[in-house]
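Visitor: Input: one structure, supplied below.
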Amino acid sequence: MRIEVNGDPVDVKGQTLTAILEELGHADARVATAVNEEFVPITLRDQTALNEGDRLEIVAPRQGG
Amino acid sequence: MPTFYGKEIASRLMLGTAQYPSPAILADAFRRSRAGIATVSVRREAGSDRAGQDFWSLIRELGVAVLPNTAGCYSVKEAVTTAHMARELFETNWIKLELIGNADTLQPDPFALVEAAKILTGDGFEVFPYCTEDLVLCEKLVEAGCQVLMPWGAPIGTGLGLNNIYGLRSLRAHFPDLPLVVDAGLGLPSQAAHAMELGLDAILLNTAVAKAGDPAAMAEAFAKAIEAGALAHEADPMEPRDMAAPSTPLIGKAMLD
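The listed protein sequences correspond, in order, to chains U and C. Going by this note's numbering, the first sequence opens with residue 24, and the numbers climb by one from there. Going by this note's numbering, the second sequence opens with residue 31, and the numbers climb by one from there.
Dropping the structure here:
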């Protein structure tokens with residue numbers, strides 16, 4: 024299915040957030056996520072299924088002021 | 031030394047981590063200034079670049095407390111969601127709540143700020159609001175649960191210093207026991223010393239250090255100025271007066287005329 028990842032269209036095979044993160048190379052990474060502008064904590068990734076057209080945000084620690 | 035939400039910090043200097051010429055210079059600035067808190071942010075990460083993972087390692091090596099921000103957020107929802115993501119990433123309830131109301135001045139939206147502070151406090155966050163020196167706003171933030179206030183000195187990144195000294199002095203007088211941090215707008219160590227002389231508790235800097243020709247040296251200069259200003263405040267400065275008053279005693283002066 025095609026979803027939006029950090030603003031870009033991406034085709035993914037996985038259904039759950041956990042599977043999609045792994046597919047996108049974030050399996051062991053320190054990242055946080057939001058689906059359709061709602062925060063999804065790590066504890067809910069296994070049970071969060073994405074649908075066609077969903078918007079996924081993947082963020083990580085970064086420099087800030 | 032300042033205590034934020036029950037945690038005492040061994041330095042009055044808080045340093046941002048953005049805009050340094052290199053990670054090594056960033057680390058050097060922290061070492062030389064002995065800053066006790068590092069501000070950080072959350073940004074998009076692609077699986078192929080590991081920028082966030084490398085940055086996380088660097089921050090952990092600094093051995094300082096971490097204060098994540100909600101920089102660049104313009105709505106309550108965006109700021110609250112960012113705060114939740116930051117809490118998970120950085121494993122802290124601390125959040126520097128930045129809610130911008132105007133793109134030119136980057137000044138906080140006071141109405142949205144209070145609303146977001148209430149929500150985040152209810153969600154168990156310990157909120158450090160980036161605010162203006164407006165007394166009524168600050169009262170509302172305290173009512174919303176904030177146990178620290180971070181009024182700007184001047185707009186972010188300008189280096190203009192303390193634009194409203196009266197306002198900061200007034201805040202100090204109204205909140206004698208609340209930690210007050212000047213966040214944003216400073217360019218020179220003398221401005222930081224001035225803020226400390228007014229009795230503020232700490233200074234949060236980024237651009238003034240990161241954009242100096244020698245960031246690590248500037249970080250140390252700020253640390254020294256902050257220490258001097260804080261000591262001067264504790265030493266209870268003299269009252270200024272209009273008329274001159276001789277410091278050398280007149281008694282005992284030889285009559286030579």
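Quick reminder that beta carbons are idealized off the backbone N, C-alpha and C, glycines included. No experiment lies behind these values; they were computed from the predicted model shown.
What first and last residue would you give for the beta strand (DSSP E) that runs through residue 25 of chain U?
Guide: For the purposes of this step, residue 25 of chain U is taken as residue 2 along the first sequence, with counting starting at 1. Run containing residue 25 of chain U: 25 to 28, per the beta strand (DSSP E) assignment.
Visitor: In angstroms, rounded to a whole number, what distance separates the CA positions of residue 267 of chain C and residue 260 of chain C?
Guide: By 1-based counting over the second sequence, the position of residue 267 of chain C is 237. By 1-based counting over the second sequence, the position of residue 260 of chain C is 230. Those two C-alpha atoms are separated by around 11 Å.
Visitor: Where does residue 41 of chain C fall in DSSP's three states?
Guide: As a working note, residue 41 of chain C is residue 11 in the second sequence. Three-state DSSP puts residue 41 of chain C in coil, outside helix and strand.
Visitor: By the criterion of Cβ-Cβ separation under 7 Å, what are the contact partners of residue 72 of chain U in chain C?
Guide: Numbered from its first residue, the first sequence carries residue 72 of chain U at position 49. Per Cβ cutoff of 7 Å: no residues; residue 72 of chain U is ~20 Å from chain C at best.
Visitor: Please tell me whether residue 47 of chain U has its Cβ less than 9 Å away from any Cβ of chain C.
Guide: Position 24 of the first sequence holds residue 47 of chain U. Chain C contact via Cβ: present.
Visitor: Identify which residue in C:280, C:275 and C:220 has its Cα closest to the Cα of residue 252 of chain C.
Guide: Against the second sequence, residue 252 of chain C aligns to sequence position 222. With distances taken between Cα atoms, residue 252 of chain C lies closest to C:220.
Visitor: According to the neighbour-count rule (16 or more other Cβ atoms, all chains shown, within 10 Å of its Cβ), is residue 42 of chain C buried or exposed?
Guide: Walking along the second sequence from the start, residue 42 of chain C turns up at place 12. By the neighbour-count rule (16 or more Cβ atoms within 10 Å), residue 42 of chain C is buried.
Visitor: Can you grab the Cα-Cα spacing for the pair residue 55 of chain C / residue 76 of chain U, in whole Å?
Guide: The count along the second sequence starts at 1 and reaches residue 55 of chain C at position 25. The count along the first sequence starts at 1 and reaches residue 76 of chain U at position 53. Distance between the alpha carbons of residue 55 of chain C and residue 76 of chain U is about 42 Å.
Visitor: Would residue 180 of chain C count as contacting chain U if we go by Cβ distances under 9 Å?
Guide: Working through the second sequence from its first residue, we reach residue 180 of chain C at position 150. Output row for residue 180 of chain C: interface = no.
Visitor: I want to know whether the stretch 62 to 80 of chain C touches the stretch 263 to 283 of chain C - three or more CB-CB distances under 8 Å.
Guide: No, because fewer than three Cβ pairs between the stretch 62 to 80 of chain C and the stretch 263 to 283 of chain C fall closer than 8 Å, the two stretches do not touch.
Visitor: If the criterion is Cβ atoms closer than 9 Å, does the pair residue 142 of chain C and residue 106 of chain C meet it?
Guide: Residue numbering aside, residue 142 of chain C sits at position 112 when the second sequence is read from its first letter. Residue numbering aside, residue 106 of chain C sits at position 76 when the second sequence is read from its first letter. Yes. Within cutoff.
Visitor: Cβ closer than 7 Å: which chain C residues qualify as neighbours of residue 81 of chain U?
Guide: Taking the first residue of the first sequence as 1, we reach residue 81 of chain U at position 58. Under the 7 Å cutoff, chain C gives 74 and 75.
Visitor: Listed from N- to C-terminal order along the chain, which residues in the stretch 78 to 93 of chain C have their beta-carbon within a distance smaller than 8 Å of any beta-carbon of chain U?
Guide: Correct list: 78, 80, 81, 82, 83, 85, 86 and 89.
Visitor: Say yes only if the C-beta of residue 133 of chain C is nearer than 8 Å to one or more non-hydrogen atoms of the ligand NAP, and no if none qualify.
Guide: What this structure holds is no ligand at all, so the ligand NAP is not there to describe.
Visitor: Pull the bridge partners of residue 124 of chain C from the DSSP assignment, please.
Guide: Stepping through the second sequence from its first residue, residue 124 of chain C is reached at position 94. The partner list for residue 124 of chain C (beta bridge, DSSP) reads C:156.
Visitor: Closer than 7 Å between beta carbons: that is the criterion. Which residues of the stretch 26 to 45 of chain U meet it against chain C?
Guide: Under the 7 Å Cβ criterion, the stretch 26 to 45 of chain U contributes 29.
Visitor: Suppose you measure from the CA of residue 138 of chain C to the CA of residue 130 of chain C; what does that come to, to the nearest Å?
Guide: To locate residue 138 of chain C, count along the second sequence from 1; it is residue 108. To locate residue 130 of chain C, count along the second sequence from 1; it is residue 100. Cα to Cα, the separation comes out at about 4 Å.
Visitor: Excluding the 5 residues flanking residue 82 of chain U on each side, which residues of the same chain have their C-beta closer than 7 Å to its C-beta?
Guide: One-based indexing of the first sequence puts residue 82 of chain U at position 59. The residues are 54 and 55.
Visitor: Measuring CB to CB, does residue 256 of chain C end up less than 9 Å from residue 226 of chain C?
Guide: The residue you call residue 256 of chain C lines up with position 226 of the second sequence. The residue you call residue 226 of chain C lines up with position 196 of the second sequence. Yes, they are a contact pair.
Visitor: Just to confirm the assignment, what range does the beta strand (DSSP E) spanning residue 32 of chain U have?
Guide: Mapped onto the first sequence, residue 32 of chain U falls at position 9. That run of the beta strand (DSSP E) goes 31 to 34.
Visitor: Would you mind telling me which residues of chain C sit closer than 9 Å to residue 68 of chain U, beta carbon to beta carbon, in chain order?
Guide: Against the first sequence, residue 68 of chain U aligns to sequence position 45. Those do not exist, as residue 68 of chain U stays about 11 Å from chain C at its closest Cβ, beyond 9 Å.
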